Amino acid sequence: MRLFRRQAISVALAFSTALGLTPVFAVMLELQPDNPANAPSAAPYASIAVNNELQDVVTLLKQGERKEAKLQLARFLARHPQDPRATEVAGLIFMEEKNWKMAIVSFRRVLSVNPAQTSARSKLGVSLLMDGQRQEGAAELQRVVSINKADGMARRYLGWLAETQGDTKAALGHYTEAIGDPRFGAGMMSEFHVLTAKLFNQTQQYDKTIKLLAPLIGKADSSRTGRGGELVLASAYLEQGDKAAAARLIRSLEKTLPSVNPDLRLAQAALFKLEKDYPKARERLQAIIKENPAYSRLASLQLSEVYVLEGNRKQAIGVLESLVSKAEKKDLSPLLARLTALQFDRGSPADAIKTLKEHSVQNPSVKYLLAEAQARNHQYAVALRTVNELLAESPQFAGAHYLAAMLYIHENKPSEAEAGFLQAVKLIPAFVDAWVELGDLYISANALPKAESTLQKALEANPDNPTLLFKLASILDQSGKTAQANSAYRRIVEKMPNHAPALQKLALNLSTDSSTLSEAQKLAERAYALAQNEPSIQDTYGWVLVQSGDLKKGTPLLEAAVKAAQHHREHLSSHDESDDHSHESNNLAEGNAYYHLGVAYMKGGKYAEGAAYLNRALHSGVDSGTRTQIASLLK
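Take 1 as the starting number for the sequence shown in our numbering and just add one per residue.
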């Protein structure tokens with residue numbers, strides 16, 4: 001049964017790690033509001049309207065000279081015991097000392113004199129948060145931003161609080177508002193730019209990270225911010241496969257960071273992995289595991305991926321088993337998703353199911369993985385029973401609704417499947433796989449207008465998501481709305497220049513018109529350079545070359561595509577495809593490959609071979625327009 005669409009390990013992993021990302025870099029501290037040690041420092045945002053004498057105290061605090069700052073403040077208070085500005089500075093010192101209760105007393109005293117003092121109110125909100133009074137603290141911070149939208153301290157902590165609650169959209173809203181704070185300077189990279197870009201990376205919006213940070217490299221408000229920005233931007237380039245851009249940033253970081261810095265080593269390992277220099281990637285990751293315990297889990301995950309890329313699944317499983325044995329409950333789901341996926345790849349479904357059963361009690365995410373594993377092992381009825389038990393216990397688990405819907409497709413119950421997908425995207429509008437499957441469900445029912453409107457709704461919730469844009473473009477193609485489809489493909493290519501499938505589809509569509517044939521060839525060349533072994537790209541590039549008169553170069557590509565299409569059909573015939581609604585589109589792709597090769601042979605004077613392939617195309621499945629063209633050629 002087809003449960004996976006695009007290289008995500010599983011839905012449970014996706015929602016345990018914020019939409020399925022395993023980023024190159026990660027925030028190492030768990031963001032927990034009840035743990036003040038993990039909170040951001042308030043010092044960078046601690047502005048106070050003070051006179052020159054008190055400004056010296058604030059400056060000393062920012063420089064870490066707390067003892068001298070306290071002495072100067074004590075002298076000032078001896079002369080001006082009722083000065084509210086001094087009381088606010090005292091509260092700031094209490095914050096730095098994490099004496100939250102005394103900080104709260106200080107700021108409330110300031111506000112009793114001047115309730116409109118937003119700088120004191122933002123510090124009060126933070127102190128309340130750190131003292132465990134989450135609701136009260138958040139309320140005070142919300143009052144601040146209702147008055148001053150760009151208040152840096154309030155936005156930083158409201159964003160941090162949103163992140164701890166998994167509300168990425170709200171966190172982004174707070175950080176982007178803070179970017180407008182005039183204290184951070186126009187045209188300068190602040191911590192808020194870096195925080196915003198990190199969240200863009202977490203939600204796979206790498207193009208937005210690049211657009212935000214690339215113009216500000218070398219223009220940071222501090223060296224710390226600059227290094228952070230370079231790391232996050234390098235991560236975006238690495239995720240997009242831009243080795244050259246990532247390498248430039250990593251070389252810059254190597255000049256400013258110690259060679260043993262774990263973030264630098266992670267970046268180097270990711271670059272080596274992209275360059276397929278797996279021994280060097282392993283060397284960096286193993287050094288992190290040995291020397292940086294706080295980074296050990298992340299480095300071990302990356303190491304397991306390197307072993308997989310090297311074909312050493314046994315070693316990768318060993319690394320993951322070690323992580324699972326030491327993992328806390330909250331970390332189990334993504335680890336088990338990876339581990340059991342590898343166990344399946346090695347042909348050991350029984351081991352995967354056994355592993356999951358051991359950890360599934362009172363853990364909804366792991367129970368989801370168990371149901372998924374049972375389905376992958378063709379135990380569909382058992383899987384459906386498991387997932388329905390899970391939904392009875394956790395009705396808000398969007399991934400379980402998705403899996404139930406997939407199982408209902410297998411059971412040929414489209415109404416139940418539709419209800420499951422709709423509930424999944426209602427619970428999590430960013431659930432891209434569920435949107436795509438819902439669209440495919442409508443396509444399989446020949447309800448193309450409904451499929452189109454569904455993908456439009458999906459894009460309203462997830463603007464410019466390349467997966468959703470590509471699916472919408474495919475639906476528009478099937479509906480005969482070629483111009484609109486091309487517009488969608490162009491939007492993808494603008495944001496992701498190396499998106500080979502979009503390049504291929506756009507090239508194929510443009511090849512039908514002599515006025516755009518030159519552009520089609522350039523696009524097809526780009527796609528082929530990115531994925532030379534992909535049959536559909538071989539077919540499109542070969543077809544465009546044939547259309548352009550280059551039979552010598554184009555025909556071998558079309559022959560390779562046909563050979564791959566035949567192999568794919570033979571592979572499908574040996575597997576259960578009754579539940580895979582991509583079967584019809586596979587037939588269509590094979591038919592087009594036969595048609596293109598048939599035309600190429602005829603243009604090259606091989607009429608008998610060409611006619612044979614054109615007839616095969618008719619029997620394999622092509623659209624009505626192509627049928628008409630074949631009939632004309634066979635006259």
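In this text, a Cβ means the ideal position worked out from N, Cα and C, and glycines have one as well. Bear in mind that the values here come from a model prediction, so they are computed numbers and not experimental data.
Along the chain, where does the alpha helix (DSSP H) containing residue i start, and where does it finish?
i    : result
F408 : The identity of residue 408 in the sequence shown is Tyr, whereas the question assumes Phe. A398 to H410 is the span of the alpha helix (DSSP H), which, as asked, contains Y408.
Y613 : Y607 to S620
Q165 : First-last for Q165: undefined, no H or E at that position.
I443 : V432 to S444
S304 : S296 to L309
T386 : Y380 to E393
I210 : Y206 to L213
L647 : Residue 647 cannot be examined here, being either before or after the span of the chain that is shown, 1 to 635.
N648 : Any answer about residue 648 is impossible in this case: the structure gives the chain only from 1 up to 635.
G347 : Segment: none, G347 is in no alpha helix (DSSP H) and carries neither H nor E.
T628 : S624 to L633
D151 : D151 -> no alpha helix (DSSP H), and no H or E assigned at all.
V105 : W100 to V113
E283 : Y278 to E291
E372 : P364 to R376
D477 : P466 to Q478
E96  : P84 to E96
On the DSSP bridge list, what partners appear for residue i?
i    : result
A220 : M189
Kindly indicate which three-state DSSP category residue i falls into: helix, strand or coil?
i    : result
A37  : Note that A37 scores a pLDDT of 46, beneath 50, so its modelled location is shaky and nothing firm can be said.
Y179 : According to the sequence provided, residue 179 is Ile. The question's Tyr does not apply to it. In this structure, I179 counts as coil in the three-state DSSP scheme.
G228 : helix
K413 : coil
A327 : coil
I428 : coil
A458 : helix
A316 : helix
T196 : helix
L332 : helix
L356 : helix
M260 : Residue 260 is actually Val in this sequence, not Met. Coil at V260, not helix or strand.
A561 : helix
N201 : helix
P556 : helix
H80  : coil
D579 : Here D579 scores only 41 on pLDDT, less than 50, and its place in the model is too uncertain to base an answer on.
N592 : helix
Q63  : coil
A14  : Note that A14 scores 30 on pLDDT, short of 50, meaning its location in the model is unreliable and no value can be drawn from it.
E275 : coil
Q268 : helix
D56  : helix
P463 : coil
Q423 : helix
S585 : Low confidence applies to S585: its pLDDT is 44, below 50, so where it sits in the model is not reliable, and the reading given next is rough at best. The answer is helix: DSSP assigns S585 an H, G or I state.
V361 : coil
A245 : helix
Open item on the list: Using a Cβ distance threshold of 8 angstroms, determine whether the stretch 539 to 551 contacts the stretch 588 to 607, with at least three qualifying pairs required.
Closed with: yes
TODO: May I have a chain-ordered list of the alpha helix (DSSP H) segments no shorter than 4 residues that lie completely inside the stretch 501 to 548?
DONE: 517 to 530 and 535 to 547
Open item on the list: Three Cβ pairs or more, each shorter than 8 angstroms: is that satisfied between the stretch 521 to 535 and the stretch 499 to 507?
Closed with: yes
Open item on the list: For the structure I just gave you, are there three or more beta carbon pairs, one from the stretch 223 to 230 and one from the stretch 479 to 486, closer than 8 angstroms?
Closed with: no
Open item on the list: For the pair the stretch 452 to 472 and the stretch 423 to 438, tell me if three or more CB-CB distances fall below 8 angstroms.
Closed with: yes
Open item on the list: Would the stretch 113 to 131 count as touching the stretch 153 to 167 if we require 3 or more Cβ pairs under 8 angstroms?
Closed with: yes
- [ ] Take every Cβ of the stretch 194 to 210, pair it with every Cβ of the stretch 232 to 242, and state whether three or more of those distances are shorter than 8 angstroms.
- [x] yes
Open item on the list: Across the stretch 128 to 145 and the stretch 95 to 103, are there enough close Cβ pairs to call them in contact, namely three or more that are closer than 8 angstroms?
Closed with: yes
Task: Three-pair Cβ contact test at 8 angstroms for the stretch 164 to 171 versus the stretch 136 to 151 - done: no
Open item on the list: Taking contact to mean 3 or more Cβ pairs, one atom from each stretch, closer than 8 angstroms, check whether the stretch 238 to 253 and the stretch 276 to 294 are in contact.
Closed with: no
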